[in-house]
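What the sequence shown shows, in UniProt numbering, is residues 1 to 278, in sequence order.
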Amino acid sequence: MRVLEFGFSPCPNDTFAFHALVNGLVGPLDLDIRPFMADVERLNHLALRGHLPLTKLSFHALGHVLGDYALLRSGAALGRGCGPLVVARPGFDPERLARTTVAVPGRMTTAHLLLSLYLGQRPMVCPMEFSQVMPAVAAGSFDAGLVIHEGRFTYQQYGLTSILDLGQWWEQETGRPIPLGCIAARRDLGPELIGRLELALAASVRAAWRDPAASQGFVLAHAQELSPEVTSQHIALYVNDFSADLGAEGLAAVEEMLARGRGSGLLPPPAGPLGLDT
Numbered sequence: 001m002r003v004l005e006f007g008f009s010p011c012p013n014d015t016f017a018f019h020a021l022v023n024g025l026v027g028p029l030d031l032d033i034r035p036f037m038a039d040v041e042r043l044n045h046l047a048l049r050g051h052l053p054l055t056k057l058s059f060h061a062l063g064h065v066l067g068d069y070a071l072l073r074s075g076a077a078l079g080r081g082c083g084p085l086v087v088a089r090p091g092f093d094p095e096r097l098a099r100t101t102v103a104v105p106g107r108m109t110t111a112h113l114l115l116s117l118y119l120g121q122r123p124m125v126c127p128m129e130f131s132q133v134m135p136a137v138a139a140g141s142f143d144a145g146l147v148i149h150e151g152r153f154t155y156q157q158y159g160l161t162s163i164l165d166l167g168q169w170w171e172q173e174t175g176r177p178i179p180l181g182c183i184a185a186r187r188d189l190g191p192e193l194i195g196r197l198e199l200a201l202a203a204s205v206r207a208a209w210r211d212p213a214a215s216q217g218f219v220l221a222h223a224q225e226l227s228p229e230v231t232s233q234h235i236a237l238y239v240n241d242f243s244a245d246l247g248a249e250g251l252a253a254v255e256e257m258l259a260r261g262r263g264s265g266l267l268p269p270p271a272g273p274l275g276l277d278t
């Protein structure tokens, strides 16, 4: 049986959505899908080298690798009310944001792209593991930080306040849901296999919805620092109808984000189509 590595993060939305796929509960695929778990920024940089055949990516990173990777319609993190936040200690003046160094969870993250679009310039940033952003701001090492994932639910535990909701800004600016992360397949897998993987990812998401208890042990094993309440909030927010199928609304949001990134000089011209047939 052919082994195929699948890169995704240990965050609850990914482990919940992909549990059935990596445990052979959907198919038949005639594939041994092996999980390769890593922080999304590491996955972004691995994709720049074409390392993984199937991988989670920030949409920012997808804009850099379309020559080698195709967007899949299933498995994405996209929605409303779920965007990155800029947080700071109480008393920080948001007007200073463009003049201060911001702790960010990686230069290739969608969060960094959104902050750049909001400011109309590349911000001064210090990249770090996303789990270190809030502690660094709370300790006074940085005046502001860009938080993703469960940071949306936990920043107040660090004594921080939200000074900017980039998802809210995006929705007001465009009227569209906010694209955060996606699943991409290396084009050399071929259209037939990529099509089967797309269907299997959608089936895995639907299997998770049908039987949430089945993935609970897998999810909690990789979310040991999160409370069950935060884990549930995380899944409910980031795993939604767009995760099963981006649909026309989701694809339009993705195309708008990539177009704005290119128009601002933050993304290169496309080296390939968005998907296999677009």
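Every residue, glycine too, gets a C-beta built ideally from N, C-alpha and C.
Under 8 Å: do the region 28-36 and the region 206-217 share three or more Cβ pairs, one atom per stretch? Judged by Cβ distances under 8 Å, the region 28-36 makes no contact with the region 206-217, as fewer than three pairs qualify.
For the beta strand (DSSP E) containing Leu-57, name the first residue and the last one. In the DSSP assignment, Leu-57 falls within the beta strand (DSSP E) that extends over 54-58.
For Asp-14, is the classification buried or exposed, using 16 other Cβ atoms within 10 angstroms of its Cβ as the cut-off for buried? By the 10 Å Cβ count, Asp-14 comes out buried.
Between the beta-carbon of His-60 and the beta-carbon of Leu-48, is there less than 9 Å? Not a contact, by the Cβ cut-off of 9 Å.
Alpha helix (DSSP H) segment containing Glu-255, residue limits: Glu-255 -> alpha helix (DSSP H) spans 247-263.
So residue 363 is in the beta strand (DSSP E); what residue range does that whole segment cover? Because the chain spans 1 through 278 in this model, residue 363 falls outside it and cannot be assessed.
Might you give, ordered along the chain, the residues of its own chain that have their beta carbon closer than 8 Å to the beta carbon of Leu-97, omitting 5 neighbours on each side? Taken in chain order, the residues that qualify are Val-86, Leu-119, Pro-123, Ala-144, Ile-163 and Leu-164.
Rank Arg-42, His-45, Val-22 and Asp-188 by C-alpha distance to the C-alpha of Arg-34 and give the top, closest one. Considering only alpha carbons, the answer is Val-22.
For Val-254 versus Leu-266, is the C-beta distance shorter than 9 Å? Going by beta carbons, Val-254 and Leu-266 fall outside the 9 Å limit.
Residues that Pro-35 bridges to, as DSSP identifies them: For Pro-35, which the question treats as bridged, DSSP gives the partners Phe-6.
Whole angstroms are fine: how far does the CA of His-222 sit from the CA of Ala-70? Using only the alpha carbons, I get a separation of about 28 Å.
Can you check which of these residues, Val-3, Pro-179, Arg-187 and Pro-135, is closest to Asp-68 by C-alpha distance? It is Arg-187 whose Cα lies nearest to the Cα of Asp-68.
Please determine if the region 36-44 and the region 182-199 are in contact, where contact requires at least 3 C-beta pairs separated by less than 8 Å. The way I'd put it, the region 36-44 doesn't touch the region 182-199; fewer than three beta-carbon pairs between them come closer than 8 Å.
What do you reckon, are the CB atoms on Thr-231 and Val-219 nearer than 9 Å? Less than 9 Å divides the Cβ of Thr-231 from the Cβ of Val-219.
Does the distance from the CB of residue 280 to the CB of Arg-107 come in under 9 Å? Because the chain here runs from 1 to 278, residue 280 falls outside it and cannot be looked at.
Element boundaries [alpha helix (DSSP H), containing Thr-154]: First-last of the alpha helix (DSSP H) with Thr-154: 151-154.
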